[in-house]
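**Student:** Sequential numbering of the sequence shown, starting at 1217, is according to the numbering used here. Note that the Cβ used here is the ideal one computed from N, Cα and C, for glycine as well.
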Amino acid sequence: MGSIITYRGIRPLNRQVLCYPDRRSALLAGAAVAAGALTAACGTGSRPVTPPPPAKAAPDKPAPDKQAPAKAAPAPRRFAGQPVEIGHGPRGRPEVALTFHGNGDPAIAKAVLAEAERAGARVTVLAIGAWLDTHPEMARRVLDGGHELGNHTQRHLAINTMPEAEAYAEITGCGDRLKRLTGSIGTWFRPSQTQYATPLVRKLAQRAGYPHVLSYDVDSLDFTSPGAAAVIRTVIGTIQGGSVVSLHFGYADTVDAMPPLLEELARRKLRAVTTTELLTP
């Protein structure tokens, strides 16, 4: 590839990921205060006073269905001239798509998105349905940041080996959650635990409403936790115009790799855009 690039400014990320406590209420103390006031007010010969009912504790947090909906998400669309399974975009374009498996600690996911936004990049997030069940607010966070959101199955199991009915339920299960949260089944579908879908899974994705299956041509291997420098070398060593890169939320190395990776893409005059932008003529 020519001279070896030395990456500066890989900022260490504290490996102790901040844990954000659940928002919980402790309003039952009001009942105890009311009972104390009642005792003080009772005099000799006074008529018994019925104490007020105890205050109800506020719920821990709204159920996923009660969350404020995210902004409307674009529906899947067909791209003329593209195969059912798309691994990369036009090679002549000075653009690439960074795609993320949506799972893991939301604090790390938000840090990755913040680094992308700081550099003016837009990404594609393929969310796991079970992750959205636990963290429904992430749908809004992704879309409000100008990124796009897609389907990465409900449970992230080996979809290529499943019976037809189970595989279809994995696709539609996540699609239903996305529709409830965003008004769309997701702009893209990516199969779980595989780079390429089987013919059956491609057919099931189309039946569920996805004209295309989104693959990739660059695997960052960030899920192996090799260190930020290794993630950068792997991506930069194989990326080219039109590439679709596979990355993951949930790994500290990915957060650390983002600023120098985006800086190197800019040096090569490659813009990080959503997959839809990459494929739109």
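1) T1340 and E1311 look like a contact to me (Cβ under 8 angstroms); what is the Cβ gap, rounded to whole Å?
2) Quick one: measure Cβ to Cβ for A1343 and H1372, integer angstroms, because I've assumed they're closer than 8 angstroms.
3) May I have the straight-line CA-CA distance separating R1307 from L1486, to the nearest angstrom?
4) Could you check the C-alpha separation between D1403 and Y1426 for me, to the nearest Å?
5) Under the assumption that I1401 contacts K1395 (Cβ atoms under 8 angstroms), give the Cβ distance between them as a whole number of angstroms.
6) Are at least three pairs of beta-carbons, each pair with one atom in the region 1440 to 1449 and one in the region 1287 to 1301, less than 8 angstroms apart?
7) What are the partner residues of E1311, as DSSP defines its beta bridges?
8) Among A1413, E1479, R1334 and I1448, whose alpha-carbon lies nearest the alpha-carbon of V1300?
9) Comparing alpha-carbon positions, which option in Q1409, R1334, V1429 and Q1411 lies nearest R1418?
10) Just the C-alpha distance for R1338 and T1377, rounded to the nearest angstrom, thanks.
11) Measure the CB-CB distance between Q1370 and G1389 and report whether it falls below 7 angstroms.
12) Which residue or residues does DSSP assign as beta-bridge partners of G1366?
13) How many angstroms separate the CA atom of L1397 from the CA atom of V1460?
14) Helix, strand or coil: how does DSSP classify D1438 here?
15) Going by beta-carbon coordinates alone, are V1451 and V1434 separated by less than 7 angstroms?
16) Exposed or buried, D1472, counting other C-beta atoms within 10 Å across all chains shown (16 or more means buried)?
17) According to the Cβ coordinates, are A1374 and Q1411 closer than 7 angstroms?
18) Which residue or residues does DSSP assign as beta-bridge partners of L1430?
19) Below 7 angstroms CB to CB, which residues in the same chain sit around M1474 once its five sequence neighbours on both sides are set aside?
20) Are the Cβ atoms of A1488 and L1314 separated by less than 7 angstroms?
21) Rounded to whole angstroms, what is the Cα-Cα separation between W1347 and P1497?
**Tutor:** The relevant details are as follows:
1) The count along the sequence shown starts at 1 and reaches residue 1340 at position 124. The count along the sequence shown starts at 1 and reaches residue 1311 at position 95. No, T1340 and E1311 are not in contact; Cβ-Cβ is about 12 angstroms, not under 8 angstroms.
2) One-based indexing of the sequence shown puts residue 1343 at position 127. One-based indexing of the sequence shown puts residue 1372 at position 156. Not confirmed; about 10 angstroms, so no contact.
3) Here residue 1307 refers to the residue found at position 91 of the sequence shown. Here residue 1486 refers to the residue found at position 270 of the sequence shown. R1307 and L1486: Cα-Cα distance of roughly 11 angstroms.
4) Stepping through the sequence shown from its first residue, residue 1403 is reached at position 187. Stepping through the sequence shown from its first residue, residue 1426 is reached at position 210. With the sequence shown as reference, residue 1403 is identified as Thr, and Asp is not the correct amino acid for it. Distance between the alpha carbons of T1403 and Y1426 is about 8 angstroms.
5) Against the sequence shown, residue 1401 aligns to sequence position 185. Against the sequence shown, residue 1395 aligns to sequence position 179. Correct: roughly 5 angstroms between the Cβ atoms.
6) no
7) Here residue 1311 is taken as the residue at index 95 of the sequence shown, counted from 1. Paired residue(s): R1487.
8) For the purposes of this step, residue 1300 is taken as the residue at position 84 of the sequence shown. The candidate whose alpha carbon is nearest that of V1300 is A1413.
9) As a working mapping, residue 1418 is identified with position 202 in the sequence shown. Among Q1409, R1334, V1429 and Q1411, the Cα nearest to that of R1418 is on V1429.
10) Position 122 of the sequence shown, counted from the start, is the residue given in the question as residue 1338. Position 161 of the sequence shown, counted from the start, is the residue given in the question as residue 1377. Cα to Cα, the separation comes out at about 33 angstroms.
11) Residue 1370 sits at position 154 when you count from the first residue of the sequence shown. Residue 1389 sits at position 173 when you count from the first residue of the sequence shown. Yes, the pair counts as a contact, with Cβ atoms nearer than the cut-off.
12) The sequence position of residue 1366 within the sequence shown is 150, counting from 1. Beta-bridge pairing links G1366 to L1342.
13) On the sequence shown, position 181 is the one that residue 1397 refers to. On the sequence shown, position 244 is the one that residue 1460 refers to. Going by the C-alpha atoms only, they are around 26 angstroms apart.
14) Against the sequence shown, residue 1438 aligns to sequence position 222. Looking at D1438 - three-state DSSP - the assignment turns out to be helix.
15) Along the sequence shown, one-based indexing puts residue 1451 at 235. Along the sequence shown, one-based indexing puts residue 1434 at 218. Going by C-beta atoms, V1451 is nearer than 7 angstroms to V1434.
16) Indexing the sequence shown from 1 puts residue 1472 at position 256. So D1472 counts as buried.
17) Counting from one through the sequence shown, the residue named residue 1374 turns up at place 158. Counting from one through the sequence shown, the residue named residue 1411 turns up at place 195. Cβ atoms of A1374 and Q1411: not closer than 7 angstroms.
18) If you number the sequence shown from 1, residue 1430 lands on position 214. The partner list for L1430 (beta bridge, DSSP) reads I1302.
19) Working through the sequence shown from its first residue, we reach residue 1474 at position 258. So the qualifying residues of the chain are V1328, E1331 and A1332.
20) Translated into positions along the sequence shown, residue 1488 becomes position 272. Translated into positions along the sequence shown, residue 1314 becomes position 98. For A1488 and L1314, yes; Cβs fall inside 7 angstroms.
21) Taking the sequence shown and counting its residues from 1, the one referred to as residue 1347 is at position 131. Taking the sequence shown and counting its residues from 1, the one referred to as residue 1497 is at position 281. The alpha-carbon atoms of W1347 and P1497 are separated by roughly 33 angstroms.
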